[in-house]
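In the order they appear, the protein sequences are chains W and A.
The opening residue of the first sequence carries number 1 in the numbering used here; numbering runs sequentially from there.
The opening residue of the second sequence carries number 472 in the numbering used here; numbering runs sequentially from there.
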Amino acid sequence: MSVITTQADAVIPEDVLVLGEPTLHRVTEAVSSIVERRETPLWWWVAFSISGALALNFFVMMAYLFWEGIGIFGNNIPVGWGFPIINFVFWVGIGHAGTLISAVLYLLRQYWRTSINRFSEAMTIFAVIIAGMFPGLHVGRIWVAYFMFPVPNQMSLWPNFRSALMWDIFAVGTYFTASLLFWYTGLIPDFASLRDRAKNRLAKIIYAVLALGWRGGNRQWKHYELAYLLLAAISTPLVLSVHSVVSTDFATSIIPGWHSTIFPPYFVAGAIYSGFAMVMTLAILARTVYPPIRDFINPNTMDKMAKIIMLTGMMVGYSYIMEFFVSWYSGNIYERFTFFNRVFGPFGWAAWIMIICNVVVPQVFWFRKMRRNIPVLFIASILINVGMWFERFVIVVTQHRDFLPSSWDYYKPTVFDLGMLAGSFGLFLTMFLLFLRFVPMVAMAEVKGVLPGSQVHRHRRKAADGKGATS
Amino acid sequence: MNGKIHGALAQFNGPAGILQAAERVREAGFTEWDVHSPYAIHGMDEAMGVRRSRLGWIVGAMAFAGFSLAVWLQWWTSTVAYPLVVAGKVYFSYQAFFPITFSLAVLFSVFGSVLGMIGLIKQSYFHPVFFSENFAKVTDDGFFVSILAKDPKFDTRATTEFLASIGGEHVELLEEK
């Protein structure tokens, strides 16, 4: 059965969450049928082979890295951080949109979030897994990576908790755990749906175990709803804190171009911006290959996501302007030179890619037509992803000309840098494809709770106001 | 048909029907009963007369535990176990310790929320409601009321008749097979 609708864009009222005539059963059917399909579609295998090959390449390069050491990367002095940290910041940033959607938009009662929260939370988890790998990879001596954790050891050494790098370990570790548990909590009622529908005995047992014997009792829902609310409330400060801590890796140093108080809010805005672009990319791909999802991730959802992209994009643009202004206003010659060099120096091309992709591209979303045009949204989201990767590139290679001209150098990534970047995308997509195949990609129980007519009290109140029961 | 009877189950029609049914069951004085629905229905707690979840206290306690552990960990390692002068800062430089303190408080409260919730929902893979074939609809579009046999007011005949009288359909006994 299919619930694909062919409603023209213009006739969809703004407050409709799910297109067509959604009933509780149709929601279950549309979402579960994707996971329950016996034969895996051909495109899935093709995509999985490509991403899996890239992921495999990632692991092979990792093995070589551990064998040979970080000399295989293009890092040098003064560009001591290079690709591993660029990729780390990029991937952590991607995760932030998922948390914003699952936590902040939940507290703000943005019901449209229900159709995108499940897979954007999945995106967060996969992105943070990859992000967490990079700092570990570039420590050099991987076998002493446990130095980063406060564990009693034979040398009676303890980590320096005043270091921003230590803050990072705790912030990212907590972020990953919180995201994973939040995601799992949301999945419990949906796993129960799959359990009750499963025909295959093994699948039934697996989903039953995952669903924790969920029986949808109101004596369960009351604890569940409060747990969900608390998780949202706890995760809300994480949206701001995690990337703020990441930015202190840079801001607490005394490198010109990094030593700046604007970094935490600037990084947070950039993180949400890049994350939303990634959600958009994945949403468009998912609704292209899975037509039943088009009713959930519809032009209304896209419109709202595009607005958030435009807003955060302008915050990022404002940060760029302020950085340049403050470097001039500070009167510090090193600061001034760093920013002049950023746009007119040897890496000027990267800075211009960053400015065009991040500041100019989102301006198309001033137009409603553009916010609802799938090809435009897709191209813009890809460009923004590229731009945001280059933002981190620009920030990190800024070091290539620091205080003394005698220590200046150029930075060239090696084949391992590029291979690991490609590999990280491969691993990300591999995990995402597995998610699409085995886990319901739309939060069914949450969508059901906000469908028109689902909530009796809201329905009565709204009807009394002379409005419909939608939204 | 000769298994032990664990309770009675009835299906109701839609959220409005189940809310009314919940009020009637509460008025009848049952205690060991529950309403099952595919999503959380707002206002059901009042209709059933159940109290607010105590989960907040668990999470609050966990947040405090995480906060305290982080302060203690950082204080003890930086001043007692391994005092080290870093950039001339005092050993107990609490401002720099805040990010980790916050992180651990969050981490503990997340575990408190999820594990506390799993503890409070009386999680069971073998709850009597699963004896019913019809109950599989609860995760799709079915709304049910279950009254368990351990309720002092439970009576096989009277309770099933009561469920039917308040508008229940597919009234059945939860029997071990």
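Quick reminder that beta carbons are idealized off the backbone N, C-alpha and C, glycines included.
Here the structure is a predicted model, which means the values were calculated and not measured.
Excluding residues up to 5 positions away in sequence, Leu429, Leu433 lie with their Cβ nearer than 8 Å to the Cβ of alanine 47 (chain W) in the same chain. Not flagged as an interface residue toward chain W: methionine 533 (chain A), since no C-beta distance is shorter than 8 Å. Taking a C-beta distance under 8 Å as the contact criterion, isoleucine 262 (chain W) and methionine 322 (chain W) qualify as a contact pair. Rounded to the nearest angstrom, the gap between the Cα atoms of leucine 436 (chain W) and isoleucine 308 (chain W) is 25 Å. Using a CB distance below 8 Å, the part of the region 540-563 of chain A facing chain W consists of Leu544, Gln545, Thr548, Ser549, Ala552, Tyr553, Leu555, Val557, Ala558, Lys560, ordered along the chain. Relative to phenylalanine 59 (chain W), the option among W:Met444, W:Ala422, W:Ile205 whose CA is nearest is W:Ala422. Pairing valine 172 (chain W) with valine 128 (chain W) gives a Cβ-Cβ distance under 8 Å.
Sixteen is the threshold: since fewer than 16 other Cβ atoms of the shown chains lie within 10 Å of the Cβ of threonine 288 (chain W), the residue is exposed. The bridge partners DSSP lists for histidine 507 (chain A) are W:Gly217, A:Phe615.
For glutamine 455 (chain W), the nearest beta carbon of chain A is closer than 8 Å to its own beta carbon.
Taking 8 Å as the CB threshold, glutamine 220 (chain W) lines the interface with chain A. Sequence-ordered contacts of the region 233-244 of chain W with chain A read Ile234, Leu238, Ser241 [C-beta pairs closer than 7 Å]. In this structure, the beta-carbon distance from serine 102 (chain W) to phenylalanine 573 (chain A) does not fall below 8 Å. Neighbours of aspartate 196 (chain W) in chain A, taken as residues whose beta carbon is under 9 Å from its own, are Phe606, Ala607, Lys608, Val609, Thr610, Asp611 in chain order.
Take proline 22 (chain W), set aside five residues on each side of it, and the residues of its chain with a beta-carbon closer than 6 Å to its own are Leu451, in chain order.
The C-beta of leucine 575 (chain A) comes closer than 8 Å to at least one C-beta of chain W. Straight-line spacing of the CA atoms in isoleucine 355 (chain W) and glycine 317 (chain W) works out to 8 Å. Each of A:Met588, A:Thr630, A:Thr631, A:Asn605 was checked against the Cα of arginine 525 (chain A), and the nearest Cα belongs to A:Met588.
In the displayed model, phenylalanine 83 (chain W) falls within a helix according to three-state DSSP.
Aspartate 409 (chain W) and arginine 371 (chain W) have their C-alpha atoms spaced approximately 43 Å apart.
About 10 Å separates the CB atoms of leucine 231 (chain W) and valine 577 (chain A); that is not less than 8 Å, and the two are not in contact. Looking at A:Ile512, A:Phe625, A:Asn484, the one whose alpha-carbon comes closest to that of leucine 645 (chain A) is A:Phe625. Under the three-state reduction of DSSP, glutamine 399 (chain W) is assigned to helix. Residue pairing by DSSP places glutamine 482 (chain A) opposite A:Phe615, A:Glu640 in a beta bridge. Sequence-distant Cβ neighbours of glutamate 335 (chain W) in its own chain, meaning closer than 6 Å and more than five residues away, are Pro256, Ser327.
Chain-order list of chain A residues neighbouring threonine 28 (chain W): Pro509, Thr610, Asp611, Asp612, by C-beta distance under 9 Å.
Residues of chain W whose Cβ lies closer than 8 Å to the Cβ of proline 486 (chain A) are, in chain order, Gly453, Ser454, Gln455, Val456. At a cut-off of 8 Å between beta-carbon atoms, glutamine 482 (chain A) makes no contact with chain W.
Nearest Cα to phenylalanine 568 (chain A) within the set A:Glu498, A:Phe538, A:His477, A:Phe614: A:Phe538.
Following the DSSP letters along the chain, one finds alanine 53 (chain W) inside the alpha helix (DSSP H) bounded by residues 42-68.
Going by C-alpha positions, alanine 178 (chain W) is about 15 Å away from aspartate 168 (chain W).
Under DSSP, leucine 645 (chain A) takes part in a beta bridge, and its partners are A:Gly478.
Cβ contact annotation for leucine 490 (chain A) (same chain, cutoff 8 Å, sequence separation greater than five): Ile512, Gly514, Met515, Ala518, in chain order. Exclusion of the five residues before and after alanine 211 (chain W) leaves Ile188, Phe191, Ala192, Arg195 as the residues of its chain whose Cβ lies within less than 7 Å of its Cβ. Against chain W, the beta carbon of serine 595 (chain A) has neighbours under 7 Å at Gly213, listed in chain order. From the beta-carbon of asparagine 341 (chain W), no residue of chain A is found nearer than 9 Å; the closest lies around 28 Å away.
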